[in-house]
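Heads up: the structure comes next, in structure tokens.
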Amino acid sequence: MAFVSPNITAFAVEATEFPDLARKYQVSGVPKTVVAGNGVQVEILGALPQDAFVDQALSMLSAAPSEPEPQTKG
Amino acid sequence: MSLISPSDQDKLREAFNEMKSNVRLLFFTQTLGCETCLQTRQILDELPPLSSKISIEEVNLVLEGDKAKQYGVDRVPAIAVLGEHQDSRVRFLGTPAGYEFISLIQAVLLVGGRPPGLTEANRKRLAAVNTPLTLQVFTTPT
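Heads up: the protein sequence lines correspond to chains A and B, in order. Per our numbering, the first sequence runs over residues 1 to 74. Per our numbering, the second sequence runs over residues 75 to 216.
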């Protein structure tokens, strides 16, 4: 995802080596993905099919009131 | 002694043969207080002998803090996967062992030219993201 989008940065975090991060994000099972941006945070638990994963990862963009999606004129 | 078995080395060599462009792995480390930095460096050192397209550069988090910051890295060991001319914005925090090693290899192949596994529709949706997003994927070694 980071590879195809210049605005996305992806970290693979080894939870046992960084217990402070695991605690901060309340990681009790893996994989757990925390997506943060635009002042919003969503959590994705487990491995999801690609479409569902992208849906959830980008759900924050429509949920965030501060930056509405730009309208494209047809 | 190698950490990767001879048969796995052969498989990796074959996979790396398909790479079209060079990949640089920035290895973030520090001299003191990093229990797993040495092991991570040992794993990374296994890769360049398997492909002339892979290189490793070391960045000291303490001495080169500005550079680490530039790549969003504030703890070690960490790896940033870079293309020849661009940053893939893919990072690994912690030792790339177990499944993480597979993920690292996949990231190297992707940056080296393998087509992304994303569908065309998802690729378009992601390319249209105009707000900085950070994904943190938490895993364990096994």
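We put the CB at the ideal spot given by N, CA and C, even for glycine. None of these values were measured; they are calculated from a predicted model.
Chain B contacts from the region 19-45 of chain A (Cβ-Cβ distance under 8 Å): Within the region 19-45 of chain A, the qualifying residues are L21, A22, Y25, V27, V30, P31, K32, T33, V34, V35, A36, G37, N38.
Rounded C-alpha distance that separates S62 (chain A) from R199 (chain B): Residue 62 (chain A) sits at position 62 when you count from the first residue of the first sequence. Residue 199 (chain B) sits at position 125 when you count from the first residue of the second sequence. C-alpha separation (whole angstroms): 13 Å.
Cβ-based burial, K94 (chain B) [other Cβ within 10 Å; buried from 16]: In the second sequence, counting from the first residue as 1, residue 94 (chain B) sits at position 20. Exposed is the call here.
Sequence-distant residues of the same chain with beta carbon closer than 6 Å to A22 (chain A), five excluded per side: Position 22 of the first sequence holds residue 22 (chain A). Residues of the same chain with a CB within less than 6 Å of the CB of A22 (chain A), apart from the 5 flanking positions on each side, are A15 in chain order.
K127 (chain B) (DSSP reduced to helix, strand or coil): Numbered from its first residue, the second sequence carries residue 127 (chain B) at position 53. Correct three-state label for K127 (chain B): coil.
Whole-number beta carbon distance between P215 (chain B) and A171 (chain B), since they are thought to touch under 8 Å: Taking the second sequence and counting its residues from 1, the one referred to as residue 171 (chain B) is at position 97. Taking the second sequence and counting its residues from 1, the one referred to as residue 215 (chain B) is at position 141. Confirmed, about 5 Å.
Complete beta strand (DSSP E) runs within the region 2-29 of chain A (minimum length 3 residues, chain order): Listed in chain order, the complete beta strand (DSSP E) runs (minimum 3 residues) inside the region 2-29 of chain A are 8-14.
CB contact check: Q144 (chain B) to chain A, cutoff 9 Å: The residue given as residue 144 (chain B) occupies position 70 in the second sequence. No - not a single Cβ of chain A is within 9 Å of the one on Q144 (chain B).
Unbroken beta strand (DSSP E) run spanning V185 (chain B), endpoints: What you label residue 185 (chain B) is simply residue 111 of the second sequence in a count that begins at 1. Taken as a continuous stretch (DSSP letters only), V185 (chain B) belongs to no beta strand (DSSP E), being part of the alpha helix (DSSP H) at 173-185.
D161 (chain B) burial status per 10 Å Cβ neighbour count (16 or more: buried): Position 87 of the second sequence, counted from the start, is the residue given in the question as residue 161 (chain B). With 16 or more other Cβ atoms within 10 Å, it is buried.
Span of the beta strand (DSSP E), counted from its first residue to its last, around Q83 (chain B): Indexing the second sequence from 1 puts residue 83 (chain B) at position 9. It is not in any beta strand (DSSP E) - Q83 (chain B) instead sits in the alpha helix (DSSP H) that spans 80-91.
As assigned by DSSP and simplified to three states, the class of E43 (chain A): Within the first sequence, residue 43 (chain A) is the residue found at index 43, counting from 1. The three-state secondary structure of E43 (chain A), taken from DSSP, is strand.
Contact list for L58 (chain A) against chain B, beta-carbon separation under 9 Å: To locate residue 58 (chain A), count along the first sequence from 1; it is residue 58. One finds R199, L200, V203, L207 in chain B with Cβ atoms closer than 9 Å to the Cβ of L58 (chain A), taken in chain order.
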